[in-house]
Amino acid sequence: MTHPTSRRPPLILGLAALGAALLVAACGTGPIPGQAAGAGGAPGSSTSTTSSGGCTPANAQSSVTVDATNALKFVPASVCLKAGGTITWDNVGNLPHTTTDESSLAANPADAELPKGAVGWNQPIGPGKPFSLKLTVPGTYKYFCIPHELLGMLGQITVVS
Ligand SMILES: [Cu+2]
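The following block contains the structure:
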């Protein structure tokens, strides 16, 4: 007489690479990683410290995906990217959007911002057609969606090196 045990397997999504994830899984809590301090060796050279709204080289991502949604939002609206990293916009709804950082195309010029020396962009992002961009110039980028700019579909990227 055996009856099947119905235990759900734990969801391991992309955490396998992290050895520390084993500890987290053992505790069974904490989707938020927090600060992994003290585990790794500290790099010796301390270069320029750029404080850009909490985006530092330590917490910057080398690749990030921003969803363009039917709610007319970029999600997340603000991201922190390493210089040379890649941002990908993914239209997860069924409405047409753009990702645009050209002040000449903005209804409100303040919705477009580029670091000095950076090149703007204007790209439609249709449903299921993600668009990726590599950003190498550190600084603050503010972009928008052309059809929904005035409805608040705005985004910001901070690039740090
Ligand atoms: Cu839009």
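Using this note's numbering, the first residue of the sequence shown is number 1050, and each one after it goes up by one.
From the three backbone atoms N, C-alpha and C, an ideal C-beta is built for every residue, glycine too.
Between the Cα of residue i and the Cα atoms of the options, which residue gives the shortest distance?
i	options	result
Gln1110	Thr1148, Glu1198, Thr1137	Thr1137
Gly1142	Val1128, Lys1183, Gly1177, Leu1200	Gly1177
Ser1112	Pro1164, Gly1134, Leu1182	Gly1134
Leu1144	Ser1210, Gly1204, Ala1120	Ala1120
Lys1131	Ala1117, Thr1189, Asp1160, Asn1157	Thr1189
Ser1153	Ile1195, Leu1203, Phe1123, Gly1201	Ile1195
Pro1179	Gly1103, Leu1203, Thr1118	Thr1118
Pro1158	Ala1107, Val1209, Leu1199	Leu1199
Val1124	Val1209, Val1208, Met1202	Met1202
Pro1173	His1197, Pro1164, Val1209	His1197
Gly1169	Asn1108, Thr1105, Cys1129, Tyr1192	Tyr1192
Less than 7 Å between the CB of residue i and some heavy atom of ligand 1, yes or no?
i	result
Leu1154	no
Pro1125	no
Ala1161	no
Cys1194	yes
Ala1211	The chain is shown from 1050 up to 1210; residue 1211 falls before or after that span and cannot be answered.
Gly1203	Residue identity check: residue 1203 is Leu in the sequence provided, not Gly. No; taking the cut-off as 7 Å, the Cβ of Leu1203 has no heavy atom of ligand 1 nearer than that.
Leu1121	yes
Let's test the definition: count the other Cβ atoms within 10 Å of the Cβ of residue i and tell me whether it reaches 16, buried, or not, exposed.
i	result
His1052	Since pLDDT at His1052 reaches only 49, below the 50 mark, its modelled position is unreliable, and no value is offered.
Leu1184	buried
Leu1071	At Leu1071 the pLDDT is 36, less than 50, meaning the model places this residue with poor confidence; the figure from the coordinates comes in the next sentence. Counting Cβ neighbours within 10 Å, Leu1071 comes out exposed, since fewer than 16 surround it.
Pro1187	buried
Gly1166	exposed
Asn1140	buried
*asked:* To test your reading of the DSSP string, which unbroken beta strand (DSSP E) runs of 3 or more residues are found completely within the stretch 1104–1161?
replied: 1110–1117, 1127–1140, 1146–1149
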